[in-house]
Amino acid sequence: MSQTPKNSWPWVRALLHSVYDQPDADSVHAQYDRVIDALSEKLPKVADHLDAARPDLLAFTGFPKQIWRQIWSNNPQERLNKEIRRRTDVVGIFPDRTALIRLVGAVLAEQHDEWIEGRRYLGLDVLARSRGVHPDGTATESTQEVTQAALTA
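Numbering-wise, the sequence shown is residues 3 to 155 according to the working numbering.
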């Protein structure tokens, strides 16, 4: 949106949301191309910016459809930030920087322990499947193959 004039924000936002409403990876890429074409006439800077950001914006299509929503979401990060804010507001004024670091570190350690105990945002079975197939349908290299290739290079 930094490249978009404010009066065009609703239109550009609607176009971008249409990309994420597609049912499969091929449709996502096709819709993204249509969005770029639509923007290139009226807002060429925005179209160029989005075209340059294509790999980052469409990276989610390399994963199974079942976890696209979790990839798009930043809810876990927002929840963690809210908890840090809540705990720091209770204290109010910290005596020094190390006290703040200790409190935030404790919150992060608590969150880490909670996630280790089994509460997972993404299931391990889905993550394992996502490692096995590339978005274009071909099998990806295993971690061992990649490591072996790096060692021999």
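Where a beta carbon is used, it is the ideal one built from N, C-alpha and C, also for glycine.
Status (buried if at least 16 other CB within 10 Å, exposed otherwise) for residue 102: Against the sequence shown, residue 102 aligns to sequence position 100. Counting every other CB atom within 10 Å of its CB across the protein chains shown gives residue 102 a total below 16, marking it as exposed.
Residue 65 versus 53, 73, 117, residue with shortest Cα-Cα distance:
Within the sequence shown, residue 65 is the residue found at index 63, counting from 1. Selection 53, 73, 117 evaluated against residue 65 yields 73 as nearest (Cα-Cα).
Notebook entry, point to check: Just the Cα atoms here: how many angstroms apart are residue 46 and residue 12?
Noted result: The residue given as residue 46 occupies position 44 in the sequence shown. The residue given as residue 12 occupies position 10 in the sequence shown. Roughly 17 Å between the two C-alpha positions.
Determine whether the beta carbon atoms of residue 5 and residue 48 lie at a separation below 8 Å.
To locate residue 5, count along the sequence shown from 1; it is residue 3. To locate residue 48, count along the sequence shown from 1; it is residue 46. Yes.
> Exposed or buried, residue 93, counting other C-beta atoms within 10 Å across all chains shown (16 or more means buried)?
Replying inline: For the purposes of this step, residue 93 is identified with residue 91 of the sequence shown, where counting begins at 1. By the neighbour-count rule (16 or more Cβ atoms within 10 Å), residue 93 is not buried but exposed.
**OP:** Kindly list the residues whose CB is nearer than 6 Å to the CB of residue 87, restricted to its own chain and excluding five residues on each side of it in sequence; keep chain order.
**Re:** Residue numbering aside, residue 87 sits at position 85 when the sequence shown is read from its first letter. So the list is empty, once near-sequence residues are dropped.
| message | Quick check on the burial criterion: 16 or more other C-beta atoms within 10 angstroms. Buried or exposed for residue 106? | response | Taking the sequence shown and counting its residues from 1, one reaches residue 106 at position 104. Counting the other CB atoms within 10 Å of its CB gives residue 106 a total below 16, which places it among the exposed residues.
In three-state DSSP terms, what is residue 55?
-> In the sequence shown, the residue the question calls residue 55 occupies position 53. Coil at residue 55, not helix or strand.
Q: Report all residues from its chain with a CB closer than 7 Å to the CB of residue 53; omit the five preceding and five following residues, and keep chain order.
A: Counting from one through the sequence shown, the residue named residue 53 turns up at place 51. By the criterion of a C-beta distance shorter than 7 Å, residue 53 is surrounded in its chain by 38, once the five residues flanking it on both sides are discounted.
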